[in-house]
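Working notes for the structure below.
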Amino acid sequence: AILSAARCTLWAIDRDPAAIRRGHALQSELRAQEGETRLHMIHGGFGDMQALLQARHVPAIDGVVLDLGVSSFQLDEVERGFSFRTDGPLDMRMDDTGPTAADIVNTMAESDLADVIYEYGEERLSRRVARAIVAARAQAPILTTFQLADIIRSVVPADRSGIDPATRSFQGIRIHVNDELGQIASGLDQALGLLAPGGRLVVVSFHSLEDRLVKQALNRAAGRLPAP
């Protein structure tokens, strides 16, 4: 949409190798249509955008779009283990490095697990969930999304909202696995530092934790909050 709306060069940063592959396919299409490509794919986290762009001799940019959180592609890929609606390996990684969600739920101390689920998932019954996970893993390793979802549902009652009881805990674990909030905070600061005069920053957020970081970064940039 951006490339069709403006005659510009687009640097697309994503840490998901599958997203990079889709981007390369789009690059080939654009090259066939235009004889060149204005799309450049960069494998990495947008929290490192300054170093990634400077390594490619891009000192400033006219606009940044940050699309936060998990993508629909990731949710639909059963083998990625992001969704509790299909049974898959308990992975949840946006890239292919670092501990998986299975590693976290099977090894993390109960108190730390409760903190992760409470702070990143905003699940008020986090201690109950953590206790149930620790009890279940003592009987057998928790290796699939259905296993984890069933454990959570056994201690978190459904409410009138219609939201699945596993939603908040899955969000909290996923955010921890991928250090999503750390990436967002770094990405926002670096994006603001890279913008040319008159440049625009657009952020697509999904939940209140992301919203809070965006507002804090913009308020700091406007001088309404002190630097961290």
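Counting with the numbering used here, you get residues 6 to 233 for the letters of the sequence shown.
C-beta atoms are modelled at their ideal positions from N, C-alpha and C, and glycine is treated no differently.
Helix, strand or coil at residue i according to DSSP, with G and I counted as helix
i, result
"Gly-177", "helix"
"Ala-137", "helix"
"Leu-186", "helix"
"Val-160", "coil"
"Gly-68", "strand"
"Leu-200", "strand"
"Arg-205", "strand"
"Gly-52", "helix"
"Leu-73", "coil"
"Glu-22", "According to the sequence provided, residue 22 is Pro. The question's Glu does not apply to it. Reduced to three states, the DSSP call for Pro-22 is helix."
"Gly-63", "Gly is not the amino acid found at residue 63; the sequence shown has Val there. The answer is coil: DSSP assigns Val-63 none of H, G, I, E or B."
"Arg-229", "coil"
"Asp-169", "coil"
"Arg-12", "coil"
CB-CB length for residue i against residue j, believed under 8 Å
i, j, result
"Ser-210", "Leu-73", "5 Å"
"Arg-158", "Ala-143", "Going by Cβ atoms, the distance from Arg-158 to Ala-143 rounds to 19 Å, so no, they are not a contact pair."
"His-45", "Arg-20", "Between Arg-20 and His-45 the Cβ distance is about 16 Å, and since that is not below 8 Å, they are no contact."
"Ala-17", "Gly-28", "6 Å"
"Leu-71", "Val-182", "That pair is no contact at about 19 Å."
"Ala-201", "Ala-65", "4 Å"
"Ile-147", "Ala-107", "7 Å"
"Asp-288", "Thr-102", "As shown, the chain starts at 6 and ends at 233. That puts residue 288 outside it, with no answer to give."
"Arg-43", "Leu-31", "Not a contact, Cβ separation roughly 11 Å."
"Leu-206", "Leu-186", "In fact, because the Cβ distance is near 18 Å, the residues do not count as touching under 8 Å."
Strand pairing of residue i, partner residues [DSSP]
i, result
"Ala-17", "Met-46"
"Thr-149", "Pro-94"
Uninterrupted beta strand (DSSP E) stretches inside the segment 76 to 144 (no shorter than 3 residues): none
At least three beta-carbon pairs within less than 8 Å, the segment 81 to 101 to the segment 142 to 157: yes
The segment 117 to 134 / the segment 152 to 172 touching (three or more Cβ pairs under 8 Å): Yes, the segment 117 to 134 touches the segment 152 to 172.
Three-pair Cβ contact test at 8 Å for the segment 194 to 211 versus the segment 219 to 233: The segment 194 to 211 vs the segment 219 to 233: in contact.
Three-pair Cβ contact test at 8 Å for the segment 111 to 125 versus the segment 177 to 188: yes
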